[in-house]
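So for the sequence shown, our numbering puts the first residue at 2; every next one is plus one. Just so it is clear, CB atoms sit at the ideal spot from N, CA and C, and this is done for glycine as well. A quick note: this is a predicted structure, and the numbers were derived from the prediction, not measured.
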Amino acid sequence: LKREDGLWMLRRMRLIRQTSERIARLYPTNVMETPVHLCIGQEAVSVGLCRHLRDADKMFLGHRTHGPALAKGLPLPKLMAELYGRTTGCSHAFGGSMHLIDLEHGLPGSSAIIGGSIALGCGAALAAQLGKNDYVGVSYFGDAATNAGVFYESMNFAALRKLPVLFLCEDNGYSNVMPKSAHSAHDIVSVARQFMTTLQADGTDVLSVYEHAGEAVAQLRRGEGPVFLHCATKRWMKHQGHEACDIVDNGIDRERDCPIRKLEAFLLKSRLIP
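The structure is reproduced here in structure tokens:
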């Protein structure tokens with residue numbers, strides 16, 4: 002790991018965490034014009050991926066957007082203005098938290114519909130392939146979206162056409178408050194493996210995501226077809242809003258599972274930071 006990569010990821014995760022914590026404090030005052038879905042504890046997934054992406058690469062998000070959007074390059078003032086319903090926001094106050102747009106940094110849009118953005122990543126990849134353009138598509142979604150028909154249809158089409166698209170599943174184990182055992186009869190990774198190269202990363206460890214995402218993006222840029230990247234992580238907050246998760250036996254340990262603390266410890270031990 003290069004020092005500049007480690008520092009970039011540490012700073013970006015801290016930005017996302019501190020932004021989320023600030024939103025959590027502001028939200029109960031009713032100054033924001035939109036529901037929010039915070040990603041505290043999940044920062045490693047988007048940051049580890051986005052270190053390998055360029056502004057030209059197109060990333061399509063679901064409804065938990067803040068962290069991935071900031072990781073991809075969305076300016077913080079534009080995010081906060083959007084949450085406040087200001088016309089200076091990234092979506093000019095038309096979108097709110099779940100519909101962020103930043104064309105300059107490769108964020109064509111996001112969807113509050115579960116699975117709604119998965120096919121769009123394929124569309125961007127198809128456009129790149131047909132136009133012989135040097136960018137990749139990224140479909141970024143949660144585990145609940147793998148129950149939608151568009152998930153299977155998109156993987157099938159991507160595999161058939163060998164599209165340069167990354168399917169990234171940020172798996173926090175819950176669809177709102179429902180565990181996977183209650184809403185899904187399939188194993189996500191086993192299903193994806195039938196269509197394409199499948200990689201698995203520890204979504205609480207940014208170095209694990211960085212390593213596997215680097216391998217995935219490199220394959221896409223070589224024109225070797227789509228990749229599925231599964232990142233098992235933990236959601237520290239409730240599905241929506243500013244309160245901490247209160248699901249019994251969710252297995253969250255804020256010291257052991259904190260991606261920021263893990264990276265800090267590695268950088269110190271490796272003497273990449275003093």
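Annotated three-state conformation of T205 is coil, per DSSP.
Put simply, the segment 244-264 does not touch the segment 53-73. Fewer than three CB pairs are less than 8 Å apart. Ranking R223, W9 and P69 by CA distance to the CA of G107 puts P69 first.
Here R13 is buried. Its C-beta has 16 or more other C-beta atoms within 10 Å. It is roughly 15 Å from the alpha-carbon of C170 to the alpha-carbon of G150. G96 and G224 have their C-alpha atoms roughly 34 Å apart. Taking 7 Å as the cut-off, the beta carbon of I119 is found no closer than this to the beta carbon of A145. Listed in chain order, the non-local C-beta contacts of L84 below 8 Å within the same chain comprise I24, M33, E34, T35, V37, G90, G97 and S98, local neighbours out to five positions each way being set aside.
The segment 123-142 makes contact with the segment 150-163: 3 or more CB pairs, one atom from each, lie closer than 8 Å. CA-CA distance, Y211 to F229, rounds to 14 Å. Our two residues, G122 and L104, have alpha carbons roughly 14 Å apart in a direct line.
With a beta-carbon spacing of about 5 Å, G204 and V46 fall inside the 8 Å limit used to define contacts. Membership of V151 in the alpha helix (DSSP H) is indicated by the continuous run G150 to R162. Here T30 carries a helix assignment [DSSP, helix/strand/coil]. Minimum Cα-Cα distance from P180 among the listed residues D135, E244, G252 and D6 corresponds to G252.
When DSSP reads this structure, E171 sits in a beta bridge with G143 and C232. Distance from Q201 to V192 at the Cβ level is roughly 13 Å; contact not present, criterion being Cβ atoms closer than 8 Å.
Of all alpha-carbon atoms in P109, A245, R55 and L11, the one lying nearest the alpha-carbon of G215 is that of R55. For the pair H243 and G132, the Cα-to-Cα distance works out to about 43 Å.
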